[in-house]
Amino acid sequence: MKYSQRPSDKCYTKAAVAADAGTCSEIGRDILKRNGSAVDAAIAALLCVSLVNAQSVGIGGGVVFTIYNASTGKVETINARETAPMGASENMFGKDPQNAKPGTPGLLRGYELAHKRHGRLKWKELFEPSIKLALDGFQVGRALALAINETSDKVLNNAALCEVFCGSRNKTILKEKDTIRFLKLAQTYEKIAKEGADAFYNGSLTQDILDDIKAAGGIITREDLRGYTPLLNEHALNFTVGKYIFHAPDAPFGGPVLALILNILKGSVQIMKRFISDYNFSSSSVSTTENKILTYHRMIEAFRFANVQKSKLGDPVINKNVAEIVKSMTSESLADGIRNKIKDDFKQTRYYEQEDRDGVPEDHGTSHLSVLAEDGSAVAITSSINN
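Numbers in this note's numbering are just positions in the sequence shown, counted from 1, shifted up by 3.
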């Protein structure tokens with residue numbers, strides 16, 4: 004089947020898959036048509052994204068699922084992000100983030116757990132469309148082409164990378180609309196499809212993975228891979244805004260940050276102890292140019308203030324104080340306090356500088372996709388490369 008790169012502007016009445024590549028959305032759609040579950044479709048689509056947008060996501064990275072089961076009405080999350088290897092220590096890389104090494108990948112164990120709990124199709128069926136795509140090849144999209152170009156020196160000087168991302172004579176990098184194939188990754192997918200996630204963590208692929216990690220200066224061991232376990236949370240973070248109940252991954256993910264943003268934007272602010280300025284958005288919020296400017300300014304400022312709080316989120320398994328931090332971030336009182344600091348005529352740079360003394364870590368490639376199945380079940384899944 005021929006897949007398209009272009010997004011669709013259609014509306015759907017039964018089910019939908021939204022990935023950051025049209026090809027991958029269609030693969031997820033086809034899984035749903037075969038009576039696959041929302042989780043089946045999400046996994047199949049993201050395996051495709053690992054090809055089409057290889058700069059953003061891959062099996063060496065991590066993932067977080069938010070899963071709504073329509074038959075039970077329950078929401079759960081699965082945290083399968085990377086973890087620090089056992090040989091890592093708090094200060095081993097100093098203050099330079101460039102010295103950091105990859106963590107233990109969790110993506111495939113996350114897929115495995117999600118599929119065991121909510122999958123309907125066989126595990127290997129989820130890999131088949133992407134194996135075919137990797138072997139047949141597809142046109143390089145704009146985002147991937149840009150990523151290849153930005154790392155061209157590294158690609159041209161690395162035989163393994165150049166084998167995939169260079170032209171036939173390995174002298175020039177691939178450009179947008181050139182055909183790309185992932186032949187070795189297709190073989191890897193085939194082994195994982197046949198042997199399960201164990202092929203990666205404690206099986207036929209493990210030694211090759213460890214050799215590559217060691218050659219790149221990493222410290223991940225066989226014990227790290229074998230001992231990796233994703234975290235299931237059957238009581239996802241939830242908060243109410245108006246008539247809607249939101250469910251999101253808890254710390255260390257961005258659920259508390261989203262709660263803070265929405266709490267800021269849903270309220271009102273007192274001006275000069277007399278006038279009330281309403282933040283609650285309606286059609287009038289964007290009815291005129293002036294209203295649009297004010298609305299977008301308030302949104303941007305809410306994002307800025309909340310993003311500063313993001314750096315306070317840590318791993319609740321390691322840091323027991325995180326639970327109190329999340330409680331504060333999702334409270335009405337913090338949102339009220341921040342809302343009163345936002346000025347409608349300028350941005351509060353000094354506040355950011357005071358609050359963000361340690362800075363917010365630089366973000367790297369990430370992909371998100373959403374699936375809504377015909378039975379009402381839904382999946383939101385975010386995955387990132389292991390950087």
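Where is the CB? At the ideal position from N, CA and C, for every residue including glycine. All values derive from a computational prediction rather than experimental measurement.
Task: Residues of its chain near R229, where Cβ-Cβ distance is below 7 Å and the 5 sequence neighbours each way are ignored - done: Taking the sequence shown and counting its residues from 1, the one referred to as residue 229 is at position 226. Excluding sequence neighbours, R229 sits near Y204 and N205.
Open item on the list: Taking only three categories from DSSP, how would you classify E128?
Closed with: Start at 1 with the first residue of the sequence shown, and residue 128 comes out as number 125. Reduced to three states, the DSSP call for E128 is helix.
Open item on the list: By the three-class DSSP mapping on this structure, what secondary structure does L240 have?
Closed with: Against the sequence shown, residue 240 aligns to sequence position 237. Strand, per DSSP.
- [ ] Count the other CB atoms, across all protein chains shown, that sit within 10 Å of the CB of I296; report buried if there are 16 or more and exposed otherwise.
- [x] Translated into positions along the sequence shown, residue 296 becomes position 293. By the neighbour-count rule (16 or more Cβ atoms within 10 Å), I296 is not buried but exposed.
Task: Buried or exposed by the 16-neighbour rule on C-beta atoms within 10 Å, applied to F278 - done: The residue given as residue 278 occupies position 275 in the sequence shown. Only weak support is given to the placement of F278: the predicted model assigns it a pLDDT of 45, under 50, and the value that follows is read from those uncertain coordinates. Here F278 is exposed, its C-beta having fewer than 16 other C-beta atoms within 10 Å.
- [ ] Could you check the C-alpha separation between W126 and S53 for me, to the nearest Å?
- [x] Taking the first residue of the sequence shown as 1, we reach residue 126 at position 123. Taking the first residue of the sequence shown as 1, we reach residue 53 at position 50. Cα-Cα distance, rounded: 17 Å.
- [ ] Look at the alpha carbon of G245 and the alpha carbon of F284, and state the distance between them as a whole number of angstroms.
- [x] As a first step, residue 245 is located in the sequence shown; it is residue number 242 there, counting from the start. As a first step, residue 284 is located in the sequence shown; it is residue number 281 there, counting from the start. C-alpha separation (whole angstroms): 11 Å.
- [ ] Please name the residue, chosen from F68, A24 and G61, that lies closest to D253 on a Cα-to-Cα basis.
- [x] Position 250 of the sequence shown holds residue 253. The residue with the shortest Cα to Cα distance from D253 is F68.
Open item on the list: What does the alpha-carbon distance come out to for the pair V382 and G90?
Closed with: Position 379 of the sequence shown, counted from the first residue, corresponds to residue 382. Position 87 of the sequence shown, counted from the first residue, corresponds to residue 90. Using only the alpha carbons, I get a separation of about 34 Å.
TODO: Using 8 Å as the cut-off, classify the Cβ of A305 as near or not near the heavy atoms of the ligand PLP, replying yes or no.
DONE: In the structure shown, the ligand PLP is absent, as is every other ligand, since no ligand is present at all.
Task: Which residues DSSP lists as bridging H300, in chain order - done: Looking up residue 300 in the sequence shown gives position 297. DSSP output for H300 lists no bridge partner at all.
Open item on the list: Run through the DSSP bridge pairs and tell me what V374 is partnered with.
Closed with: Within the sequence shown, the letter at position 371 stands for residue 374. DSSP lists V20 and V382 as partners of V374.
- [ ] Out of L49, T75 and G109, point me to the one whose CA is closest to H121's CA.
- [x] In the sequence shown, the residue the question calls residue 121 occupies position 118. Looking from the CA of H121, the closest CA among L49, T75 and G109 belongs to T75.
Open item on the list: Helix, strand or coil, according to DSSP, for M275 in the structure here?
Closed with: Here residue 275 refers to the residue found at position 272 when the sequence shown is read from its first residue. Any reading at M275 needs caution, since the residue's pLDDT is 44, under 50, leaving its predicted position unreliable; the model's value is listed next. It is coil, neither helix nor strand.
TODO: For T321, count neighbouring Cβ atoms within 10 angstroms of its own Cβ and tell me buried if that reaches 16, exposed if not.
DONE: The residue labelled residue 321 in the question sits at position 318 within the sequence shown. The amino acid at residue 321 is misidentified as Thr; the sequence shows Ile. Exposed, because fewer than 16 other Cβ atoms sit within 10 Å of the Cβ of I321.
Task: Complete runs of the alpha helix (DSSP H) confined to the stretch 141-206 [at least 4 residues] - done: If we require 4 residues or more, the alpha helix (DSSP H) runs fully inside the stretch 141-206 come out as 145-153, 155-159, 162-168, 186-198 and 201-205.
TODO: Flag this pair as yes or no: are the beta carbons of Y114 and V66 separated by less than 9 Å?
DONE: By one-based count along the sequence shown, residue 114 stands at place 111. By one-based count along the sequence shown, residue 66 stands at place 63. Cβ distance < 9 Å, so Y114 and V66 count as in contact.
Open item on the list: Using a Cβ-Cβ cutoff of less than 6 Å, which residues in the same chain neighbour L164 once the five nearest sequence positions on both sides are dropped?
Closed with: One-based indexing of the sequence shown puts residue 164 at position 161. Excluding residues within five positions, the ones whose Cβ falls inside 6 Å are V158.
TODO: Measure the alpha-carbon distance for L240 versus G317 and round it to whole angstroms.
DONE: Within the sequence shown, the letter at position 237 stands for residue 240. Within the sequence shown, the letter at position 314 stands for residue 317. So the two alpha carbons sit approximately 15 Å from each other.
TODO: Round the Cβ separation of P108 and I62 to the nearest angstrom and send it over; I've been treating them as touching at under 8 Å.
DONE: Looking up residue 108 in the sequence shown gives position 105. Looking up residue 62 in the sequence shown gives position 59. Rounded to whole angstroms, the Cβ separation of P108 and I62 is 7 Å, and the two are in contact under 8 Å.
TODO: Taking only the alpha-carbon atoms, compute the straight-line gap between H300 and E327 and give it to the nearest angstrom.
DONE: Start at 1 with the first residue of the sequence shown, and residue 300 comes out as number 297. Start at 1 with the first residue of the sequence shown, and residue 327 comes out as number 324. Going by the C-alpha atoms only, they are around 30 Å apart.
TODO: Please determine, among A18, R145, S386 and I345, the residue with the shortest C-alpha to C-alpha distance to D181.
DONE: Mapped onto the sequence shown, residue 181 falls at position 178. Per the C-alpha coordinates, the member of A18, R145, S386 and I345 positioned closest to D181 is R145.
Open item on the list: In this structure, how does DSSP classify V67 when only helix, strand and coil are distinguished?
Closed with: Here residue 67 refers to the residue found at position 64 when the sequence shown is read from its first residue. If DSSP states are grouped into helix, strand and coil, V67 belongs with the strands.
Task: Cβ distance (whole Å) where I267 is taken to contact A338 below 8 Å - done: Reading the sequence shown from its first residue, position 264 is the one you call residue 267. Reading the sequence shown from its first residue, position 335 is the one you call residue 338. Contact between I267 and A338 holds, with the beta-carbon distance rounding to 5 Å and staying under 8 Å.
Open item on the list: Among the candidates N72, R84 and I216, whose CA atom is the shortest distance from the CA of T385?
Closed with: As a working note, residue 385 is residue 382 in the sequence shown. Looking only at N72, R84 and I216, the smallest Cα-Cα distance to T385 is reached by R84.
- [ ] Can you say whether K276 is buried or exposed, counting buried as having 16 or more other CB atoms within 10 angstroms of its CB?
- [x] Along the sequence shown, read from residue 1 onward, the residue named residue 276 stands at position 273. Confidence in K276 is poor, its pLDDT being 45 and thus under 50, which makes the residue's placement unreliable; the coordinate value appears in the next sentence. By the neighbour-count rule (16 or more Cβ atoms within 10 Å), K276 is not buried but exposed.
- [ ] For G31, count neighbouring Cβ atoms within 10 angstroms of its own Cβ and tell me buried if that reaches 16, exposed if not.
- [x] Position 28 of the sequence shown, counted from the first residue, corresponds to residue 31. By the Cβ neighbour-count rule, G31 is buried, with 16 or more other Cβ atoms within 10 Å of its own.
Task: Simplified DSSP state of V60, which is helix, strand or coil - done: Here residue 60 refers to the residue found at position 57 when the sequence shown is read from its first residue. DSSP places V60 in the coil class of the three-state scheme, outside both helix and strand.
Open item on the list: My output table needs one value for N283: the three-state DSSP class, helix, strand or coil.
Closed with: For the purposes of this step, residue 283 is identified with residue 280 of the sequence shown, where counting begins at 1. In this structure, N283 counts as coil in the three-state DSSP scheme.
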